[in-house]
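Input: a single structure, listed below in structure tokens.
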Amino acid sequence: MLRAADQGLMTASRAGRSVIVVGIQWGDEGKGKIVDLLTERVGAVVRFQGGHNAGHTLIIGGEKTVLHLIPSGILRPDVACVIGNGVVLHLPSLLQEIDRLESRGVQVTGRLRISAACPLILPTHIELDRARESAGGARAIGTTGRGIGPAYEDKAARRSLRISDLFDPARLAERLAAAAALHNFVLEHYHKVAPVDAGAMLEELQRLGERVKPLAADTALFLDEQRRAGANLLFEGAQGAMLDVDHGTYPYVTSSNTTAGFAATGSGLGIGAFDYVLGIVKAYSTRVGAGPFPTELFDDTGRHLAEVGVEFGSTTGRPRRCGWFDAVAARRAVLHNGVTGLCVTKLDVLDGLDRLKICVGYRLRGQVVDSTPVFVDQYADCEPVYEELPGWHASTVGITALEALPANARRYLERIEEVLGVPVDMISTGADRAQNIIVRHPFD
Ligand code: IMP
Numbered sequence: 008m009l010r011a012a013d014q015g016l017m018t019a020s021r022a023g024r025s026v027i028v029v030g031i032q033w034g035d036e037g038k039g040k041i042v043d044l045l046t047e048r049v050g051a052v053v054r055f056q057g058g059h060n061a062g063h064t065l066i067i068g069g070e071k072t073v074l075h076l077i078p079s080g081i082l083r084p085d086v087a088c089v090i091g092n093g094v095v096l097h098l099p100s101l102l103q104e105i106d107r108l109e110s111r112g113v114q115v116t117g118r119l120r121i122s123a124a125c126p127l128i129l130p131t132h133i134e135l136d137r138a139r140e141s142a143g144g145a146r147a148i149g150t151t152g153r154g155i156g157p158a159y160e161d162k163a164a165r166r167s168l169r170i171s172d173l174f175d176p177a178r179l180a181e182r183l184a185a186a187a188a189l190h191n192f193v194l195e196h197y198h199k200v201a202p203v204d205a206g207a208m209l210e211e212l213q214r215l216g217e218r219v220k221p222l223a224a225d226t227a228l229f230l231d232e233q234r235r236a237g238a239n240l241l242f243e244g245a246q247g248a249m250l251d252v253d254h255g256t257y258p259y260v261t262s263s264n265t266t267a268g269f270a271a272t273g274s275g276l277g278i279g280a281f282d283y284v285l286g287i288v289k290a291y292s293t294r295v296g297a298g299p300f301p302t303e304l305f306d307d308t309g310r311h312l313a314e315v316g317v318e319f320g321s322t323t324g325r326p327r328r329c330g331w332f333d334a335v336a337a338r339r340a341v342l343h344n345g346v347t348g349l350c351v352t353k354l355d356v357l358d359g360l361d362r363l364k365i366c367v368g369y370r371l372r373g374q375v376v377d378s379t380p381v382f383v384d385q386y387a388d389c390e391p392v393y394e395e396l397p398g399w400h401a402s403t404v405g406i407t408a409l410e411a412l413p414a415n416a417r418r419y420l421e422r423i424e425e426v427l428g429v430p431v432d433m434i435s436t437g438a439d440r441a442q443n444i445i446v447r448h449p450f451d
């Protein structure tokens with residue numbers, strides 16, 4: 008007979024591996040493609056924060072799919088998809104995404120599980136987000152206008168309606184009436200804009216709720232069971248570390264924790280369940296919306312990055328601001344995420360540039376520093392201190408072996424490794440699922 012402790016150890020040794028994929032810049036690092044690639048080896052993919060402000064673009068066999076809420080594993084038929092409790096959920100967007108996928112023959116029902124604890128994004132949250140942004144003038148955050156901030160505020164204020172409320176019609180009506188009364192008061196009397204019809208909101212929630220209820224599940228328990236049974240799990244971060252509500256360039260951030268630690272809280276698994284953090288980093292930098300961005304370029308190189316990198320938001324279509332690789336910000340993000348290995352994406356966008364620059368320090372009030380400012384409001388005054396490296400002219404598009412990269416491309420990657428202090432385990436050399444160099448697979 009095994010003692011309980013031995014049984015526990017045996018269970019642990021059979022458990023699957025859990026990998027967290029996070030963006031370590033300002034989002035849009037190309038996480039969706041990498042998550043899709045890694046899902047070949049997993050039993051379940053989990054979204055744990057954010058909402059439909061995210062936009063993950065996948066290109067498979069030349070066909071493009073943009074996902075906002077549903078985890079990027081959905082295109083692999085055997086993979087279970089989970090939306091964890093840390094995600095704020097807009098039901099119309101979720102159902103639209105499900106319908107769009109199912110009309111293309113991708114089965115979603117039966118494979119997608121949603122935490123009963125997910126807070127809902129209401130139409131009033133979206134109106135509040137937009138009213139605030141238009142009143143914000145120069146201080147506007149440049150949000151995606153999806154109601155993300157107001158929905159997370161209500162979560163913290165214990166005012167949210169959750170998926171579980173859809174199962175209790177009286178409770179749903181009561182909680183919605185209370186939230187709507189407050190939201191509409193602020194819309195009408197503070198922002199001086201039209202209120203939202205509370206009756207219509209309730210009718211929509213009841214109607215859409217009927218479709219969503221069968222997807223509600225105890226997702227933490229499901230993930231724990233999967234892991235114990237030996238399935239690998241992948242946790243798909245949205246946005247990026249510099250947009251984290253605690254560790255990012257506050258207040259120019261999103262309203263969730265985008266860093267790896269939240270994979271635990273936002274899915275319900277304990278921190279001991281995780282094995283590896285893959286930090287996705289673009290070979291240069293981009294940012295959408297307002298806020299400090301020391302390496303931003305306004306010249307021909309900036310235009311090259313925007314055009315060749317097709318830098319337009321996949322959720323809002325807004326042009327992204329582009330600049331050189333910021334190793335100071337990325338090093339900070341490595342710290343906050345406990346990154347195990349890096350995946351450098353969009354390396355091919357740098358093809359053809361004569362000289363490349365990496366920001367290795369900031370000049371702040373006459374002094375050169377090599378870490379981000381302690382007082383985040385000083386970020387706007389930071390000027391980049393660059394190191395220059397030679398570029399390369401050969402195309403790197405679609406290269407799948409490290410040795411096949413131009414020597415200067417390898418040198419650029421080695422320098423990123425050195426300055427960030429973590430190995431480059433993967434490199435993406437094009438938009439397609441097959442265009443990658445895998446040095447060390449996160450699931451090995
Ligand atoms: P919110 O998340 O809509 O509240 O927007 C807050 C900030 O996060 C804005 O600067 C947005 O542009 C940015 N943001 C939100 N989601 C994404 C994303 O998926 N990629 C890049 N930036 C994002």
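With the numbering used here, the residue at position 137 of the sequence shown is 144, and numbering never jumps.
Where a beta carbon is used, it is the ideal one built from N, C-alpha and C, also for glycine.
Open item on the list: One question on the structure: do Arg139 and Ala224 come within less than 7 Å of each other, judged by their Cβ atoms?
Closed with: 7 Å or more divides the Cβ of Arg139 from the Cβ of Ala224.
Task: Test item, CB below 7 Å from any non-hydrogen atom of ligand 1 - done: That gives Trp33, Gly34, Asp35, Gly57, Asn60, Ala61, Gly62, Asp136, Ile148, Gly149, Thr150, Thr151, Gly152, Arg153, Ile155, Gly156, Ala245, Gln246, Gly247, Leu250, Tyr259, Val260, Thr261, Ser262, Val295, Gly296, Ala297, Gly298, Gly320, Thr322.
- [ ] Flag this pair as yes or no: are the beta carbons of Gly58 and Val26 separated by less than 7 Å?
- [x] 7 Å or more divides the Cβ of Gly58 from the Cβ of Val26.
Open item on the list: Under DSSP, the beta strand (DSSP E) around Arg328 begins and ends at which residues?
Closed with: Element bounds for Arg328: 328 to 330.
TODO: Compare the beta carbon distance of Thr403 and Asp358 with 7 Å and say whether it is the shorter of the two.
DONE: In this structure, the beta-carbon distance from Thr403 to Asp358 falls below 7 Å.
Task: The alpha helix (DSSP H) enclosing Thr131, as first and last residue numbers - done: Start and end: 130 to 142.
TODO: Look at Arg422 and Gly398 and say whether their C-beta atoms are less than 7 Å apart.
DONE: Contact: no.
Open item on the list: If I follow the unbroken beta strand (DSSP E) through Glu70, where does it start and stop?
Closed with: Where Glu70 is concerned, the enclosing beta strand (DSSP E) starts and stops at 70 to 74.
Open item on the list: Run through the DSSP bridge pairs and tell me what Ala334 is partnered with.
Closed with: Beta-bridge partners assigned by DSSP to Ala334: none are found.
Open item on the list: Please state the DSSP three-state secondary structure of Tyr419.
Closed with: Looking at Tyr419 - three-state DSSP - the assignment turns out to be helix.
TODO: Take Ser274 as the anchor and find which of Ala61, Arg339, Ser122 has the nearest alpha-carbon.
DONE: Here the closest residue by C-alpha is Ser122.
Task: Unbroken stretches of the alpha helix (DSSP H), 4 residues or longer, contained in the stretch 76 to 138 - done: Qualifying alpha helix (DSSP H) stretches, in chain order: 98 to 110.
Open item on the list: Quick check: Cys366 and Tyr393, are their CB atoms within less than 7 Å of each other?
Closed with: A contact, by the Cβ cut-off of 7 Å.
TODO: Could you check which residue in Glu47, Val73, Ala297, Thr64 has the C-alpha nearest to that of Ala145?
DONE: Of the listed residues, the one whose Cα sits closest to Ala145 is Ala297.
Open item on the list: DSSP three-state label for Glu395, please.
Closed with: Correct three-state label for Glu395: strand.
Task: Contact set for Val113: own chain, Cβ-Cβ below 7 Å, skip 5 residues either direction - done: Ile81, Leu82.
TODO: Name the residue from Gly437, Asp388, Ala51 whose alpha carbon lies nearest to the alpha carbon of Glu232.
DONE: Checking every option, the nearest Cα to that of Glu232 belongs to Ala51.
Open item on the list: For Gln56 and Asn264, which I take to be in contact (beta-carbon distance under 8 Å), what is that distance rounded to the nearest angstrom?
Closed with: The beta-carbon separation of Gln56 and Asn264, rounded to 6 Å, stays under the 8 Å limit for a contact.
Task: Asn355: first and last residue of the uninterrupted beta strand (DSSP E) it sits in - done: The question names Asn, yet the displayed sequence has Asp at residue 355. Element bounds for Asp355: n/a, residue is neither H nor E.
Open item on the list: For Leu240, count the other beta carbons within 10 Å of its own beta carbon; 16 or more makes it buried, fewer makes it exposed. Which is it?
Closed with: Buried is the label assigned to Leu240, since at least 16 other Cβ atoms lie within 10 Å of its Cβ.
- [ ] Evaluate the contact criterion for the stretch 437 to 448 versus the stretch 406 to 422: three or more CB pairs, one atom per stretch, below 8 Å.
- [x] Because the criterion of three Cβ pairs below 8 Å is met, the stretch 437 to 448 and the stretch 406 to 422 touch.
Open item on the list: If you measure between the beta carbons of Gly428 and Asn344, is that distance less than 7 Å?
Closed with: For Gly428 and Asn344, no; Cβs fall outside 7 Å.
Open item on the list: Closer than 6 Å to a non-hydrogen atom of ligand 3 - does that hold for the CB of Glu395?
Closed with: With respect to small molecules bound, the structure shown includes ligand 1 and not ligand 3.
- [ ] Please state whether DSSP places Ser321 in a helix, a strand or coil.
- [x] Coil, per DSSP.
Open item on the list: Can you confirm whether the stretch 203 to 212 touches the stretch 182 to 191 when touching is taken to mean that 3 or more C-beta pairs between the two stretches lie within less than 8 Å?
Closed with: Result yes; three or more Cβ-Cβ pairs closer than 8 Å.
Task: Cut-off 6 Å between Cβ atoms - residues of its own chain near Gln14, not counting five sequence neighbours on either side - done: Residue placement at Gln14 is flagged as unreliable, the pLDDT there being 42, under the threshold of 50; the coordinate-derived value follows with that caveat. Cβ within range, chain order: n/a, list empty.
Open item on the list: Let me make sure I understand the geometry here. Which of Thr266, His448, Pro326, Phe281 has the alpha-carbon closest to that of Thr293?
Closed with: Nearest C-alpha to Thr293: Pro326.
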